[in-house]
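Residues in the sequence shown are numbered from 3 upward in steps of one, following the numbering used here.
Ideal Cβ placement from N, Cα and C applies to all residues, glycine included.
Here's the structure we're looking at; comments come further down.
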Amino acid sequence: MMSTLRKDKHYQITIEELASDQQTARTLQFNYLDREDLFKAVEQITKGSSLANNDAKRLAVSLRLLGPLLMQNRKHSLFAEFFPHFKTFMQQLKSTVKQANNAH
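Structure, rendered in structure tokens:
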């Protein structure tokens, strides 16, 4: 019998505040595991969403952070009402990105 171990990718997210006027910049950093390739998701959404490059990157990263969290906690009171809408949004996004990327 073959083992089907999931090979999660390990990421470290760092957010740096760009401080002005001699303020001390703050940094937020955390690690997470993802079954999908974050860089590939960014590339696909950047190419297929027709959003500005920076906006597409923000969307891709935020979805890869939020999506698995929602899936794990879809029955939690914080997410239960939102989850069906997120699922519909993701299906539409994937369809749009796939069509756009196949057209190239």
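- By the Cβ rule, the segment 80-96 does not count as touching the segment 21-35, because fewer than three pairs are nearer than 8 angstroms.
- Of all C-beta pairs linking the segment 31-45 to the segment 85-97, fewer than three are shorter than 8 angstroms, placing the two stretches out of contact.
- Looking at the DSSP output, E18 shares a beta bridge with T29.
- Going by DSSP, D57 is part of the alpha helix (DSSP H) stretching over N55 to Q74.
- Of D10, Y34 and D23, the smallest CA-CA separation from T16 is found for Y34.
- The beta carbons of A102 and S51 sit closer together than 9 angstroms.
- Under DSSP, D36 shares a beta bridge with K11.
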